[in-house]
Amino acid sequence: MRGTNRRLWLGRVGAAVAAGALTEAVPGCAQIKSPEGAGKRKLDLSEFQPKSMLHVPETKVTRARYPVIDFHTHLSFRATSINGVGLGDKLEFLATPETVLPVMDRKNIRIMVNLTGSSGHGLNEAIEKFQRPHPNRFVTFTEPLWDQSDRSDYRKIQVDAIESANRAGARGLKVLKTLGLYLRERVTEGPLVKIDDQRFDSMWEACGSFKMPVAIHVSDPEAFFLRTDRFNERFEELNNHPDWSFHGKDFPSNTDLLEARNRVLARHPKTQFILLHVGNDAENLPYVSECLDRFPNTSVELGARIGELGRQPRMSRKFFDRYQDRVLFGTDAVPNGTDTPQQIFGDALYEIYYRFLETEDEYFDYAPAPVPPQGRWRIYGIGLPENILRKIYSANAARLLGLPA
Ligand SMILES: [Zn+2]
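Reading the sequence shown from the start, the letters are residues 90 to 494 in the numbering used here.
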């Protein structure tokens, strides 16, 4: 309430008090028994689940129009992590090929890229489980050896690890937001290590020379860097996941993180970088466009950001048009997850992505959940034409992964 409305409201309360119309006080507020306020009830935000009364077309897209490469999935995660830093090689598996292949077949998903394939023995296990028995359906990425990053010979160890991962069959490197937000000088303690720290230069270069694209997650939504209060558009999400807030403490600002990333992109022009989550600034497509223009060695991926793209459909449509050769389909899908509805691997998730990309449906949920999990809004489809759909769904990813189109 602001301006005239607020003054009007205060005026009415004043009048009501004068008339003796206030009932017993609830802490911080009072129920007004005046004609205007009569029967007003309080509703907890978490219980508010409004059903849209719009009569608009609803298209069910059960299958993608063209075969899909989901560039961003997590079929495994490092089993041990301390203060946000994954340690050791050991993996925990969230699915088996037998559990995910039927969904892939139903949804027309040709390939799933398991980004979090760890390193060493863990990586070998991930490859043996998924990629070896189904070489045309699964791709595996390796991850940096964060727990060795404080060693004086780290550069060499890391380059050797990239080389052996490549030999084992890994097709790229995944960098979680660990870099910039969790990794510290003594791995889990001390000051935060900068994204453009020179100890990683030889790793980025090695990826370039082995033609292994780097799928990099830097920073997070802009709202995660603001106070979790009533003005924060992602209040409920941050309230549900307080550890996702990077406000305060010794966290760098969102801008500092993205600028450090940009220095890495500039220093390694022969390495291909896929900026996950629409460069993690889908709220600011002009800035993402600027980065794509500045750095020809970059592409973006869509995972968990159709909520952002779909609430600015006209801007998004132009973005897809302009960068149609540099946008990759991805979902950030996690099998068996429950606390992040926008990422639960399954039919419902893919149908929403396909609806967003293929139709011009209006005002629908961006996640299969009773309350929109990333912010209280709904999205609009952008109805991409065939030629762009083909590129986004698989051609762009196939080119970067060195796979047949
Ligand atoms: Zn992810």
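The C-beta atom is built at its ideal place from N, Cα and C for all residues, glycine as well.
Assigned secondary structure, residue i (DSSP; H/G/I helix, E/B strand, else coil)
i    : result
K497 : With the chain represented from 90 up to 494, any question about residue 497 goes unanswered, as that position is not in the structure.
A114 : Any reading at A114 needs caution, since the residue's pLDDT is 44, under 50, leaving its predicted position unreliable; the model's value is listed next. A114: coil per DSSP, three-state reduction.
R479 : helix
M201 : strand
S170 : strand
H575 : The structure shown does not extend to residue 575, since the chain is modelled only from 90 through 494, so no value can be given for it.
V145 : coil
I468 : strand
V460 : coil
E274 : strand
K266 : coil
F434 : coil
V282 : coil
A487 : helix
F418 : coil
K179 : strand
F453 : strand
A312 : helix
V307 : coil
E447 : helix
V150 : coil
E390 : strand
G261 : strand
T429 : coil
T317 : coil
T188 : helix
F230 : strand
heavy atom of ligand 1 below 7 Å from residue i C-beta
i    : result
T161 : Before going further, note that residue 161 is His rather than Thr in the sequence given. Yes - ligand 1 has a heavy atom lying nearer than 7 Å to the Cβ of H161.
D421 : yes
L204 : yes
G173 : no
G392 : yes
Contact with chain D by residue i, beta-carbon distance below 8 Å
i    : result
Q431 : Absent here is chain D; the protein component of the structure consists of one chain.
For residue j and residue i, the rounded distance between their alpha carbons
i    : j    : result
F137 : Q431 : 19 Å
P290 : L492 : Note that residue 290 is Asp in the sequence shown, not Pro. Between D290 and L492, the C-alpha separation is close to 27 Å.
V353 : F362 : 10 Å
A437 : H163 : 17 Å
K338 : K245 : 33 Å
F299 : L391 : 25 Å
P462 : K266 : 20 Å
G175 : V307 : 16 Å
F384 : A355 : 7 Å
L262 : M301 : 7 Å
A304 : Y376 : 19 Å
F453 : Q401 : 13 Å
F408 : L417 : 13 Å
D345 : H161 : 25 Å
A105 : R130 : Low confidence applies here, because A105 scores a pLDDT of 40, under 50, leaving its location unreliable; read the following figure in that light. Distance between the alpha carbons of A105 and R130: 18 Å.
A312 : E325 : 11 Å
E278 : S334 : 19 Å
V189 : N203 : 12 Å
E322 : N373 : 15 Å
A359 : V192 : Note on identity: in this sequence residue 359 is Lys, with Ala being the wrong assignment. In a straight line, the C-alpha of K359 is about 36 Å away from that of V192.
S253 : I171 : 26 Å
I481 : V389 : 10 Å
R275 : I395 : 37 Å
R444 : Y455 : 10 Å
8 Å contact criterion, which residue i and residue j should meet: CB distance rounded
i    : j    : result
G211 : L180 : 4 Å
I441 : R350 : That belief does not hold up - the Cβ atoms of I441 and R350 are roughly 28 Å apart, past 8 Å.
G297 : P341 : Their Cβ separation, rounded to whole angstroms, is 26 Å, which puts G297 and P341 out of contact at 8 Å.
V157 : N197 : 6 Å
A295 : V264 : Not confirmed; about 13 Å, so no contact.
T448 : G419 : Not quite, the Cβ-Cβ distance comes to about 19 Å (not below 8 Å), so this is no contact.
D450 : V145 : 7 Å
A371 : E397 : 4 Å
Cβ-heavy atom distance, residue i to ligand 3, below 7 Å
i    : result
L381 : Among the ligands modelled here, namely ligand 1, ligand 3 does not occur.
Going along the chain, which unbroken runs of the beta strand (DSSP E) with 3 or more residues stay wholly within the region 335-384? Note on the region 335-384: whole beta strand (DSSP E) runs with a minimum of 3 residues are 362-364, in chain order.
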